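Protein chains in written order, with the working numbering: chain A, 1 to 154; chain B, 155 to 347.
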């Protein structure tokens, strides 16, 4: 399940909808190392060996939210299938607020937003883990968007 | 604080984190391993030491980032930096902008292109730069606003599929980097030596 919706070769082929040997497919093949590295980052951020204070179902639920905010319903559905939010509390509320802000309007972020996470009990390690989830999915959905456009204009 | 920089510049800036960086002497084995992926000949930056709070992602991120920005063939390095700069302007990562606008100017020797990006004056650019900046700016927005016509404009300017993919990767990876560097710290004027 975790391979689907990530950036494995099958998924990329389907996104670009291009025949093997086409210029788009050849370009992706020429960057196979970067696609593999993207997959490795997916694993490190969404299914880490040490999730710390951000369990995998929470990461997937946040990723689904980021994908939805980024306008990618297909990616959101992939993540939603593996996602679950814990019981609502002040920490979760602060996490969700931060996800929404950084996914949609990173330019508005200030020192106070990190202070708000700390005040809600999010540790420095978990603040960085959370930042990586937001940042990686933002990368992933832009790469997917570009690949779709390349495939559609081939 | 008075040394914080809010306006875009291609001059060198420094970066001050909001979180305490990992202290090397107190780093866990996993943190030490992840920090090996960074250049050993330079002092490890506060940025990397902040990211070391999550060593698993740091260890994977560095090779991907370097591959996207410095990998062989495809789009030239200057135009990758242009895509990175346009994305960083959208996301208002003033520090990221200073680094990558500076690199673009060093490589391309065209400070007027960067001035146009800072001012949002796409129309004053030549057609290839305009197509690159337009696509990059729109892909960086949330949700991404780039369209099929934007990609057709890149093709019309002679960009190959590989070059368009490289530009897409540059913009996308700055959608990532900007969401770390700007929310986790602020650009400041470099301290006097």
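Note that CB positions come from ideal geometry on N, CA and C, so glycine has one too.
Computed from a prediction, not measured in an experiment: that's the story for all the values here.
Problem set entry | Cross-strand partners of residue 17 (chain A) (DSSP beta bridge) | Translated into the one-based positions of the first chain, residue 17 (chain A) becomes position 17. Partner(s): none; residue 17 (chain A) has no beta bridge.
Checklist entry - Taking 7 Å as the CB-CB limit, is residue 2 (chain A) close to chain B? => result Position 2 of the first chain, counting from 1, holds the residue named residue 2 (chain A). Bear in mind that a pLDDT of 42 at residue 2 (chain A), under 50, signals an unreliable position, so the model cannot answer this.
request  = Mind listing, in chain order, the continuous beta strand (DSSP E) runs of no fewer than 3 residues lying wholly within the stretch 260-343 of chain B?
outcome  = 339-342
**Item:** Reference residue 125 (chain A), options A:115, A:53 and A:95, closest by Cα
**Value:** One-based indexing of the first chain puts residue 125 (chain A) at position 125. Of the listed residues, the one whose Cα sits closest to residue 125 (chain A) is A:53.
Original post:
Excluding the five sequence neighbours on either side, which residues of its own chain have a C-beta within less than 6 Å of the C-beta of residue 132 (chain A), listed in chain order?
Top reply: The count along the first chain starts at 1 and reaches residue 132 (chain A) at position 132. When the five nearest sequence neighbours on each side are left out, the beta carbons in the same chain lying within less than 6 Å of the beta carbon of residue 132 (chain A) are those of 45, in order along the chain.
Q: List the residues of chain A whose Cβ lies closer than 7 Å to the Cβ of residue 343 (chain B), in chain order.
A: Numbered from 1 along the second chain, position 189 holds the residue referred to as residue 343 (chain B). None at all; the shortest Cβ gap to chain A is about 17 Å.
Practice problem: Taking all protein chains shown into account, decide if residue 345 (chain B) is buried (16 or more other Cβ within 10 angstroms of its Cβ) or exposed. | Solution: By one-based count along the second chain, residue 345 (chain B) stands at place 191. Residue 345 (chain B) is exposed by the Cβ-count criterion.
* Asked: Is the CB of residue 249 (chain B) under 7 Å away from at least one CB in chain A?
  -> The residue you call residue 249 (chain B) lines up with position 95 of the second chain. Chain A contact via Cβ: absent.
Query raised in the report: Touching or not, the stretch 165-182 of chain B and the stretch 102-109 of chain A, by the rule of three or more beta carbon pairs under 8 Å?
Result: Flag = no, the stretch 165-182 of chain B and the stretch 102-109 of chain A do not touch.
- Query: Can we count residue 66 (chain A) as close to the ligand MN, meaning its CB is less than 6 Å from some heavy atom?
  - Reply: The ligand MN is absent from the structure shown, which contains no ligand whatsoever.
| Going by C-alpha distance, which of B:229, B:164, B:218 and B:276 is nearest residue 256 (chain B)? | As a working mapping, residue 256 (chain B) is identified with position 102 in the second chain. Looking at B:229, B:164, B:218 and B:276, the one whose alpha-carbon comes closest to that of residue 256 (chain B) is B:164.
* Give the C-beta separation of residue 243 (chain B) and residue 271 (chain B) to the nearest angstrom, bearing in mind that I take them to be a contact with Cβ-Cβ under 8 Å. => For the purposes of this step, residue 243 (chain B) is taken as the residue at position 89 of the second chain. For the purposes of this step, residue 271 (chain B) is taken as the residue at position 117 of the second chain. 6 Å between Cβ atoms; contact.
**Q.** Distance between residue 57 (chain A) and residue 84 (chain A) (C-alpha atoms, nearest Å)
**A.** Mapped onto the first chain, residue 84 (chain A) falls at position 84. Mapped onto the first chain, residue 57 (chain A) falls at position 57. Their Cα atoms are separated by approximately 5 Å.
Do we get a CB-CB distance below 7 Å when we pair residue 330 (chain B) with the residues of chain A? The count along the second chain starts at 1 and reaches residue 330 (chain B) at position 176. So, interface residue.
Legend entry - CB of residue 333 (chain B) within 7 Å of CB of residue 22 (chain A), strictly: The residue you call residue 333 (chain B) lines up with position 179 of the second chain. The residue you call residue 22 (chain A) lines up with position 22 of the first chain. No. Outside cutoff.
Under three-state DSSP, which class holds residue 65 (chain A)? The residue labelled residue 65 (chain A) in the question sits at position 65 within the first chain. In the structure shown, residue 65 (chain A) falls within a helical segment according to DSSP collapsed to helix, strand and coil.
message: Counting only C-beta atoms, is residue 163 (chain B) closer than 7 Å to chain A at any point?
response: Working through the second chain from its first residue, we reach residue 163 (chain B) at position 9. Not an interface residue.
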